[in-house]
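Read in order, the letters of the sequence shown are residues -23 to -1, 1 to 312 in mature numbering (1 follows the signal peptide of the UniProt record, and there is no 0). All residues carry an ideal CB built from backbone N, CA and C; glycine is no exception. The structure appears below as structure tokens.
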Amino acid sequence: MMTLRPQLLLATMALTWGTHALAFDLSIEDFDQESLAVIKQAKTSSDISVLNEAANILIYDSMMQENVDQGVVYLSKAAGLGDEESQVELADYYYSEDDYVNALKWYHQAEGHKDPYVLYSLGVMYFDGEGTEPDYQKANQYYEQAANAGYADAMYQLAFSYNDGKGVKQDYQKAAYWFQKAADEGDESAMYNLGISYLNGEGVGKDCKKAMELFNQAIESNDHALSYAKLGDIYSYTEYKAPCGLEKSDYKKALGYYKSAALEGDSYSQFQVGYAYRNGHGDWSNFVKALAWFQIALEYGYDDAQSAIDEVKNQMSDQDIEKANKLQEAIENEF
């Protein structure tokens, strides 16, 4: 979303031509002469490139909202002349301003060009009911068009529609197919969800080794927090031993994965790190560390951490509780 710079009284930068020449005020803007010339030219121009250049200057570099609004006027003029790039940029601008009705209108204006980004954006708006009533079926039609055109985000969303049965008949095989397609495009969240499909045998054969490969692939791609957490579960919980070919649980390895996810902000993993220190799983039992991590988990939204906090505090001195608070602060500085 556009961020307007603080309004500064730059009287020494007032324009040499009067502000009455335009319906907006450039007298305090910090524009160079070349930019000012483009803005002035746009007032009477029907040249799409001039209108777009002036619009970008005013929308993204102005300090005053009235000048931003004039930029939108120029961009709207270019979009109204049928320029696809302007139509999409205008739709994006309205979307960033939460004006979903106008965003939807302009994405539809650009729809005929079959740009996969536009098709995906329409899918999102119909799926989420932005500027219109929710329509999962129509959303999935747009997702499928964009997915078939190679747009990874659309592949991922379409996979979830099939996984959850939203607007389509639930079909785990099709969900796994589209997760695979998105994963092949480098989407780490798709790698993770495809890994879950293999772990649970949903739409594909149950294969923990393949699932773990996918989780590690997602981690290598972008330190994927949920993949770290799931590997922590695999090494921690006995239910995964036989399916994953593990002789025994490996709490030390699990703690390492949970820590990695915790430092990425995953509240479940933050709680699991606290639990490990509380119970001596993978390291020595340490209530100071346990309390610090439980409090971090609660702060990040893991509500079940409250009972764990109360339980360990009842067994700690005031001095150790203060140590935990200081440790919490130190850990959070690493995020």
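- Please state whether DSSP places V15 in a helix, a strand or coil. helix
- Would you please state the rounded distance, in angstroms, between the beta carbons of A206 and S166? I believe it to be under 8 Å. Wrong, their Cβ atoms sit about 13 Å apart, outside the cutoff.
- Query: Which same chain residues, not among the five before or five after F271, have their C-beta less than 6 Å away from its C-beta?
  - Reply: G251, A282, A285, I286
- Can you have a look at V289 and say buried or exposed, based on whether 16 or more other CB atoms are within 10 angstroms of its CB? buried
- Query: Using DSSP with H/G/I as helix, E/B as strand and the rest coil, what is H258?
  - Reply: coil
- Close beta carbons around residue 333, own chain, < 7 Å, minus the five adjacent residues each side: Outside the modelled stretch of the chain, which goes from -23 to 312, sits residue 333, for which no answer is possible.
- Provide the residue span of the alpha helix (DSSP H) that contains K290, from first to last. 282 to 290
- Query: How about F192: is its Cβ closer than 7 Å to a heavy atom in the ligand NAP?
  - Reply: Judged by which ligands are present, the structure shown has none, so any question about the ligand NAP falls away.
- Item | Backbone secondary structure at L(-2) - three-state DSSP | Any answer about L(-2) is weak, because its pLDDT of 49 lies below 50 and its placement is not dependable; what the coordinates show is given next. It is coil, neither helix nor strand.
- Task: Drop a sphere of 10 angstroms on the beta-carbon of S244, count the other beta-carbons inside from all chains shown, and report buried for 16 or more, exposed for fewer.
- Result: buried
- Message: Ignoring anything shorter than 4 residues, give me the alpha helix (DSSP H) runs that lie fully in the stretch 189 to 270, in order along the chain.
- Response: 202 to 213, 228 to 240, 244 to 256
- Message: When you compare the CB positions of G100 and A123, do they come within less than 8 Å of one another, or not?
- Response: yes
- Should A219 be labelled buried (16 or more other beta-carbon atoms within 10 Å of its own) or exposed? exposed
- Query: Given a threshold of 16 other Cβ atoms within 10 Å of its Cβ, counted over all protein chains shown, does F248 qualify as buried or as exposed?
  - Reply: buried
- Hey, could you find the ends of the alpha helix (DSSP H) L67 is sitting in? 61 to 73
- Return the first residue and the last residue of the alpha helix (DSSP H) that D141 is part of. 129 to 141
- Could you tell me which uninterrupted alpha helix (DSSP H) segments, each at least 4 residues in length, are contained entirely in the stretch 81 to 107, listed from first to last along the chain? 93 to 105
- My understanding is that E61 touches A87, with C-beta atoms under 8 Å, so please give their C-beta distance in whole angstroms. 5 Å
- Helix, strand or coil: which one does DSSP assign to K187? helix
- Query: D312: which of I298, Q296, E299, I273 sits nearest, CA to CA?
  - Reply: The identity of residue 312 in the sequence shown is Phe, whereas the question assumes Asp. Closest option to F312, Cα to Cα, is I273.
- Task: Kindly list the residues whose CB is nearer than 6 Å to the CB of Y84, restricted to its own chain and excluding five residues on each side of it in sequence; keep chain order.
- Result: A68, V95, S98, L99
- Query: Are A267 and L304 touching if we call contact CB-CB under 8 Å?
  - Reply: no
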